[in-house]
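Peer 1:
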Amino acid sequence: MKKNIKNIIILVLIIEIVGLGLIFYQSSLERAKVRKEREKYYIVTDINNNDVLKIEKKYLSPQELNKIVIIKAGNDKKYIIEDKKLMEDVISKFEFSKFVSNSELTMGTEDITITFESNNNVFSISLSAEDRTATLKYNEYSFLVTVTDDFYNFVYELYSKIS
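All residue numbers for the sequence shown refer to my numbering, where the first residue is -18 and numbers rise by one.
Now the structure itself:
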């Protein structure tokens, strides 16, 4: 009887060890997958302790993106861009290399929001109605940034054409 209990305890321990091994293996695979996704877009801290969002433009290509959504403040309509050529045009107007959070900026009234949606990330830019400042949101992170005149004008021209 005691020999059977001993064998059962050993068998249970072996099953637990194998189960824990499988759990750790699965979680390491999941961490590697998440790390690979985060390498596309990552946040670092610069010398002045400001958060910096770095995005490689190739990861915001039409192949990676599902759609671009444009929303005007005060308007309930959403304009969805799924055309790959138009998505390329929007992306080409934007300098995606680096965004630095500037706490000294103030954001006026949000006017137009552009959201770039991929399978794993949501990246949006809300342009101010008054000046060239914008709130850039990447998943749970938020940055106050300035945008170029080229991009600002392009967004308003695009909105006027599609609305």
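All C-beta atoms in this analysis are idealised placements derived from N, C-alpha and C, irrespective of residue type, glycine included.
Treat the numbers as computed from the prediction; the structure is a model and nothing was measured.
How many Å lie between PHE132 and ASN101 at the Cα?
Peer 2: 25 Å
Peer 1: The alpha helix (DSSP H) with PHE132 in it runs from where to where?
Peer 2: 130 to 143
Peer 1: Nearest by alpha-carbon distance to LEU46: which of TYR137, MET68, MET88, ALA54 is it?
Peer 2: MET68
Peer 1: Using C-beta distances below 6 Å, list every residue in its chain close to THR96, excluding the 5 sequence neighbours before and after it, in chain order.
Peer 2: VAL50, SER105
Peer 1: Locate the beta strand (DSSP E) running through LEU108, then write down its first and last residues.
Peer 2: 103 to 109
Peer 1: Can you give me the Cβ contacts of GLU111 inside the same chain, cut-off strictly under 6 Å, excluding the 5 residues immediately before and after it?
Peer 2: GLY89
Peer 1: Applying the criterion that 16 or more other CB atoms from any shown protein chain within 10 Å of the CB defines a buried residue, is ALA54 buried or exposed?
Peer 2: exposed
Peer 1: If I follow the unbroken beta strand (DSSP E) through ASP92, where does it start and stop?
Peer 2: 91 to 99
Peer 1: Going by CA-CA distance only, name the one from VAL71, GLU121, SER123, LYS66 that's closest to TYR140.
Peer 2: VAL71
Peer 1: Just to check my reading of the structure: THR116 and ILE52 have Cβ atoms closer than 8 Å, yes? What is that Cβ distance to the nearest angstrom?
Peer 2: 13 Å between Cβ atoms; not a contact.
Peer 1: Determine the closest residue to LYS118 out of LYS142, GLU98, TYR6, ASP57, with distance taken between C-alpha atoms.
Peer 2: GLU98
Peer 1: Work out the CA separation of ILE4 and GLU121 for me, nearest whole Å.
Peer 2: 28 Å
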